[in-house]
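The structure appears right after this line, and notes come after that.
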Amino acid sequence: MLPTDLSAPTLAITPWPDPVIDRLGHDPRSLYVETFWLGILGPSTTWLLRRIAVGLERHPDGFDLPLEETARALGLGMKGGRASAFVRALGRCVQFGAATASGPMGLAVRRRLPPLTRHQVDRLPPELREAHASWQREQIGGGGTAAQRKRARALALSLFELDEPIEDVERHLHRWHFHPAVAHDAVHWARDRHLAARAAADAADATDADVGGGARRGAGDGRVAACGAGASSVVVLPVVPGAGSTVAAGTGSTVAAGDAPHETVAVPTRPRTITRPALDLAGEPSDAGLDGIVGPSDLGTSSSRPDDAA
Numbered sequence: 004m005l006p007t008d009l010s011a012p013t014l015a016i017t018p019w020p021d022p023v024i025d026r027l028g029h030d031p032r033s034l035y036v037e038t039f040w041l042g043i044l045g046p047s048t049t050w051l052l053r054r055i056a057v058g059l060e061r062h063p064d065g066f067d068l069p070l071e072e073t074a075r076a077l078g079l080g081m082k083g084g085r086a087s088a089f090v091r092a093l094g095r096c097v098q099f100g101a102a103t104a105s106g107p108m109g110l111a112v113r114r115r116l117p118p119l120t121r122h123q124v125d126r127l128p129p130e131l132r133e134a135h136a137s138w139q140r141e142q143i144g145g146g147g148t149a150a151q152r153k154r155a156r157a158l159a160l161s162l163f164e165l166d167e168p169i170e171d172v173e174r175h176l177h178r179w180h181f182h183p184a185v186a187h188d189a190v191h192w193a194r195d196r197h198l199a200a201r202a203a204a205d206a207a208d209a210t211d212a213d214v215g216g217g218a219r220r221g222a223g224d225g226r227v228a229a230c231g232a233g234a235s236s237v238v239v240l241p242v243v244p245g246a247g248s249t250v251a252a253g254t255g256s257t258v259a260a261g262d263a264p265h266e267t268v269a270v271p272t273r274p275r276t277i278t279r280p281a282l283d284l285a286g287e288p289s290d291a292g293l294d295g296i297v298g299p300s301d302l303g304t305s306s307s308r309p310d311d312a313a
């Protein structure tokens, strides 16, 4: 059922989570949806779901969808109220289980679409039914050899690190002759790892900003410490008259005495560390830290280019 109030200029879009579909389903921008769901949903609804998927990726908690602007971008009309082409596209999202009403002015939308049901597959043209059957056989059979899956995952992860959109990552893998089932597995695996690594890096940056963002002054002693500036921090201390030429500071740092009213102490600081999930290209992520990006030697290949992938 659609939201009851579509008179507002925007529609509140929120994610509609499902642990099974989110793990096994297909991104609306994927080749699976373009190939098999397109004839079921229709082009207008498919493109609408693709735009909403982009919005939810940028705003994971939800966003306001401008109705008239979105309708124009899709080449759909808004005239006719609930009978307009754009509102019918929204209705088909609900009809096929991709969305559901969330209050009178909101719509909860799935991030991924499930595989087609048997009834939906039977509605496909003969060549697409055979292609879907082949895709299912590969999925049941594990989607290619372990070496193919490992290499596809590494290539997909590299593309995400270059900020390639998800649909382009999958198309690259298909152009490099990976089976659709292998490409599907690699894209979902690499995207999850890429987002997790980005979140870890953002958290580390926020921690660094809190800990080493500027100078800290000690209470009542006149000392100032500028932290996080590099390999060591500079600490300015008042000179005690008659002090020796060197003063031990922490772990062996020294102070050069002089006639100036203050002295400078170089104090080593803790290096910044970013912890990312380790990448197990053949299975699930481990709890160890990630030292670097997987190289060709880790993939069992030499200097072969992506165009040579089988």
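Residue numbers for the sequence shown follow this note's numbering, beginning at 4 and rising by one.
Note that CB positions come from ideal geometry on N, CA and C, so glycine has one too.
Secondary structure within the region 69-107: the alpha helix (DSSP H) runs of 4 or more consecutive residues, fully enclosed, are 70-76, 88-98 (chain order). Valine 57: member of the alpha helix (DSSP H) spanning 46-61, first to last residue. Put simply, the region 128-143 does not touch the region 56-72. Fewer than three CB pairs are less than 8 Å apart. Our two residues, alanine 159 and lysine 82, have alpha carbons roughly 43 Å apart in a direct line. Judged by DSSP in its simplified three-state form, threonine 210 adopts helix.
According to the DSSP assignment, leucine 158 belongs to the alpha helix (DSSP H) that extends over 149-164. Among the bridge pairs identified by DSSP, leucine 116 is matched with His29. Contact check between the region 6-14 and the region 41-60: fewer than three CB pairs, one atom from each, fall below 8 Å, which does not count as touching. Residues Leu119, His135 of the same chain have their beta carbon placed closer than 6 Å to that of phenylalanine 39, with the five preceding and five following residues left out of the count. For leucine 176, the enclosing alpha helix (DSSP H) starts and ends at 169-178.
Judged by DSSP in its simplified three-state form, phenylalanine 39 adopts helix. One thing to note: arginine 152 has its Cβ no nearer than 8 Å to the Cβ of aspartate 211. For proline 18, the enclosing beta strand (DSSP E) starts and ends at 13-18.
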